[in-house]
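Take the sequence shown: its letter number 155 is residue 155 in the UniProt record's numbering, and every next letter is one higher. For every residue, glycine included, the Cβ atom is placed at its ideal position computed from N, Cα and C. So the structure is just underneath, and the comments pick up after that.
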Amino acid sequence: MSEKGRVGILISGRGSNMVSLVEAMQDGRIPAVPVVVISNKPDAAGLERARALGVPVAVVDQKQVRPRSVHETRVVELLNDYKVDLVCLAGYMRLLKKTFIQAFRGRIVNIHPSLLPSFPGLDAQGQALAYGVKTAGCTVHFVDEKCDHGPIIRQAAVPVLPGDTEDDLSARILKQEHRIYPEAVALFFNPGLRVEGRAVHTLD
Ligand code: GAR
């Protein structure tokens with residue numbers, strides 16, 4: 001790994017988690033540099049936010065670059081061009097396949113808006129409300145071949161309150177996402193982080 005960690009962030013939309021990561025790197029809470037933000041959608045609002053923070057951006061449009069395997073290879077090439085040490089998925093709404101996982105094994109992390117292993121996949125907050133859980137939350141985990149499945153680095157819980165809409169619950173969870181994602185990425189760049197099977201050990 002290079003002297004200061006080099007982070008690539010993948011987004012598909014609004015990019016609020018990307019902003020929380022970039023700000024944490026820029027103010028020294030994460031000992032790493034955000035070297036590129038890549039979107040699979042040209043109209044992702046997060047692209048403008050990344051530019052405003054001075055981070056290089058790139059678009060690999062999934063509608064133009066096809067099939068999926070070619071799209072994935074192009075994204076991997078870009079990340080390698082930028083000599084990325086860690087890939088952070090921040091609302092990247094596309095499953096990663098073999099090429100990607102193999103290229104960055106153990107060096108891809110994701111944030112998911114549920115307490116995994118509950119409610120993987122799309123609309124996690126809606127799934128939690130429909131199920132009637134009393135506690136919801138979010139998870140930062142390593143990415144492996146299975147959807148929302150790899151070893152867990154950090155989780156945070158929030159209450160589900162009577163009368164909550166999906167927007168209410170999503171906002172409460174998002175606040176915690178913005179707290180634990182930078183913490184988890186900082187841990188990745190700490191020498192103390194060790195993964196044994198599903199268990200992630202840290203010195204904190
Ligand atoms: C976040 O809530 C993130 O956890 C979720 O998408 C949102 C993106 O918001 N990701 C997933 O559901 C991935 N399975 P953001 O673009 O403002 O960070």
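Does the beta-carbon of Pro-113, which I'm using as the reference point, lie nearer than 7 Å to any heavy atom of the ligand GAR? yes
Going by DSSP, what residues sit across from Gly-5 in a beta bridge? Ala-32
Measure the beta-carbon distance from Leu-10 to Leu-89 and round it to whole angstroms, keeping in mind my assumption that it falls under 8 Å. 5 Å
Taking 7 Å as the cut-off, is the beta-carbon of Cys-138 closer than that to any non-hydrogen atom of the ligand GAR? yes
DSSP state of Phe-188 mapped onto helix, strand, coil: helix
If we ignore side chains and look at the alpha-carbon of each, how far apart do Met-1 and Pro-42 end up? Because the pLDDT of Met-1 is 48, which lies under 50, any placement of that residue in the model is unreliable, and the number read from its coordinates should be weighed accordingly. Each residue's Cα considered, the two are about 31 Å apart.
beta-carbon Leu-174 near the ligand GAR non-hydrogen atom, thresh 7 Å: yes
Rounded separation between Asp-167 and Gly-54 - CA only: 30 Å
According to DSSP, simplified to helix, strand and coil, what is His-201? strand
Check whether the Cβ of Gln-72 lies closer than 7 Å to any heavy atom of the ligand GAR, and answer yes or no. It is worth fixing the name first, because residue 72 is Glu in this sequence and not Gln. Checking the Cβ of Glu-72 against the ligand GAR gives no.
Endpoints, the beta strand (DSSP E) within which Arg-107 is located: Segment: none, Arg-107 is in no beta strand (DSSP E) and carries neither H nor E.
As a quick exercise: from Ala-130, Pro-151, Ser-118 and His-149, pick the residue whose alpha carbon is nearest that of Gly-137. Ser-118
Starting from Cys-88, follow its DSSP beta bridges and name the residues at the other end. Ile-9 and Val-109
Helix, strand or coil for Arg-194? Go by DSSP, reduced to three states. strand
Which whole-angstrom value describes the C-beta separation of residue 233 and Gly-121, a residue pair presumed to lie in contact below a C-beta threshold of 8 Å? Summary: the structure shown does not reach residue 233, with the chain confined to residues 1 through 204, and so no result is reported for it.
Keeping to the same chain, check which residues put their C-beta closer than 7 Å to that of Pro-182; ignore five residues upstream and five downstream. Ser-20, Leu-21, Ala-24, Arg-29 and Ile-30
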